[in-house]
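Please read the structure below before turning to the comments.
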Ligand SMILES: Cc1cc2nc3c(=O)[nH]c(=O)nc-3n(C[C@H](O)[C@H](O)[C@H](O)COP(=O)(O)OP(=O)(O)OC[C@H]3O[C@@H](n4cnc5c(N)ncnc54)[C@H](O)[C@@H]3O)c2cc1C
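In this note's numbering, the protein residues as written are 1 to 268.
See below:
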């Protein structure tokens, strides 16, 4: 296999505290704790297991504001070898298309990679589009929902992926992008040695000067999609209450519920 496994890692707001600005349709990030996208921990673990078995080097990359260095350092403390942050005002407001283009350009610049291992989806944007997006910009195959990487050689990767009614085993040429699901393996905890290495590591920061992407294709300007409106759907249910306070009222209450369900076409 080529020398490097690249793992794209997104920093996301802690799920319990995600709040949306209904006017602008964007996530309110101020005053909210940020964490490594929980599903990316499985991508890191999958990459670490491959390195344990086959050797090589793992490069973590993230696109985001400068504070995303923290997410990359966490990856390093788990065992990732090096980290690059893609941070530039020109990248701000990128949708999934522009994000994939920026990440793909960085991966091309890193070079000599056999696999790109992504999480299944990010817990904030939640589209699952970025992994396949990267593959399409790089012109390489993508295997999504990978539950187990069975074998890896210089030219091929054989992996098991989850499909609606079972599993399938696919073989792909390399380089390729994989998006992995939780079954790929429980993420390991950071080690003390890893934490020390992360503390001392200088995370490289690349902007568009390093990547040289056409500015019209990135950021808000280069994003073909926009969040037009975001709102919580109002659920207005007309409920029927059938109370059974004593034994005598159980029968009529059940009859009432059965009548209600029959009216809805649920019971024949
Ligand atoms: C229709 C639409 C419009 C949007 N418009 C805007 C907008 O106007 N302004 C705005 O700020 N945001 C916008 N976003 C959100 C932003 O595009 C996404 O957060 C970002 O592109 C990543 O997509 P995602 O969160 O769905 O990632 P997913 O595709 O769910 O992530 C899959 C995997 O890709 C990798 N990955 C994803 N993002 C990154 C990253 N940044 N760095 C490293 N790895 C990554 C991770 O491995 C992750 O597990 C929009 C999203 C959509 C769907």
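Cβ coordinates follow ideal geometry from the N, Cα and C atoms, glycine included. From a predicted model like this one, the values you see are computed outputs, not experimental measurements.
Is there at least one non-hydrogen atom of ligand 1 closer than 7 Å to the beta-carbon of residue 129? yes
Whole-Å CB distance - residue 45 paired with residue 184, under 8 Å assumed: 7 Å
Can you list the alpha helix (DSSP H) stretches of 4 or more residues lying completely in the region 37 to 89, in chain order? If you keep only unbroken alpha helix (DSSP H) runs of at least 4 residues inside the region 37 to 89, you get 40 to 54, 69 to 78.
Enumerate in chain order the residues of its own chain whose CB-to-CB distance from residue 201 is below 8 Å, with the five nearest sequence positions on each side excluded. 73, 76, 82, 83
Going by beta carbon distance, what residues of the same chain come within less than 8 Å of residue 199, once the five residues before and after it are set aside? 73
Hey, residue 180 and residue 120: beta-carbon distance below 8 Å or not? yes
For residue 278 and residue 162, I'd like the C-alpha separation in whole angstroms. The chain is shown from 1 up to 268; residue 278 falls before or after that span and cannot be answered.
CB-CB length for residue 105 against residue 213, believed under 8 Å: 5 Å
Note down the Cα distance separating residue 118 from residue 130, rounded to an integer number of angstroms. Spanning the two alpha carbons is a distance of roughly 8 Å.
For residue 20, which beta-bridge partners are listed by DSSP? 27
Could you compute how far the alpha carbon of residue 27 sits from the alpha carbon of residue 21? Using only the alpha carbons, I get a separation of about 6 Å.
Our contact map puts residue 93 next to residue 211 with C-beta atoms below 8 Å; I'd like the distance itself, whole angstroms only. No, residue 93 and residue 211 are not in contact; Cβ-Cβ is about 17 Å, not under 8 Å.
Would you grab the beta carbon distance between residue 9 and residue 102 for me? Rounded to a whole angstrom, and I think it's under 8 Å. With a Cβ gap of about 14 Å, residue 9 and residue 102 do not count as contacting.
In the DSSP output, which residue or residues are listed as bridge partners for residue 228? Its beta-bridge partners do not exist; DSSP assigns none.
Member of 125, 116, 244 whose CA lies at the smallest distance from the CA of residue 96: 125
Would you say residue 226 touches ligand 1, meaning its beta carbon is less than 7 Å from a heavy atom? yes
Residue 166 - partner residues in DSSP beta bridges: 163
Note down, in chain order, each residue of its chain lying with its Cβ closer than 6 Å to the Cβ of residue 151, except the 5 sequence neighbours on either side. Counting only residues of its own chain and dropping the five nearest sequence neighbours on each side, residue 151 has a CB closer than 6 Å to the CB of 158.
Which complete beta strand (DSSP E) runs does the region 146 to 208 hold, if anything under 3 residues is left out? 156 to 163, 166 to 173, 176 to 180, 204 to 206
Is residue 39 closer than 8 Å to residue 123 when the C-beta atoms are compared? yes
Skipping 5 residues on each side, what residues in its chain have a beta carbon closer than 6 Å to that of residue 244? 250, 253
Going by CA-CA distance only, name the one from 13, 23, 7 that's closest to residue 227. 23
Specify, as a first and last residue, the run of the alpha helix (DSSP H) that residue 265 falls within. Unbroken run through residue 265: none, as it is neither H nor E.
Just reading off the beta strand (DSSP E) that residue 4 is part of, what are its end residues? It spans 4 to 8 - the beta strand (DSSP E) in which residue 4 sits, taken as one unbroken run.
Is any non-hydrogen atom of ligand 1 found closer than 7 Å to the C-beta of residue 39, if you look at the structure I gave you? yes
Compute the distance between the beta-carbons of residue 33 and residue 14, then report whether it is under 8 Å. Contact: yes.
Alpha carbon to alpha carbon, how far is residue 89 from residue 61? Computed Cα separation, rounded: 17 Å.
Does DSSP put residue 96 in a helix, in a strand, or in coil? helix
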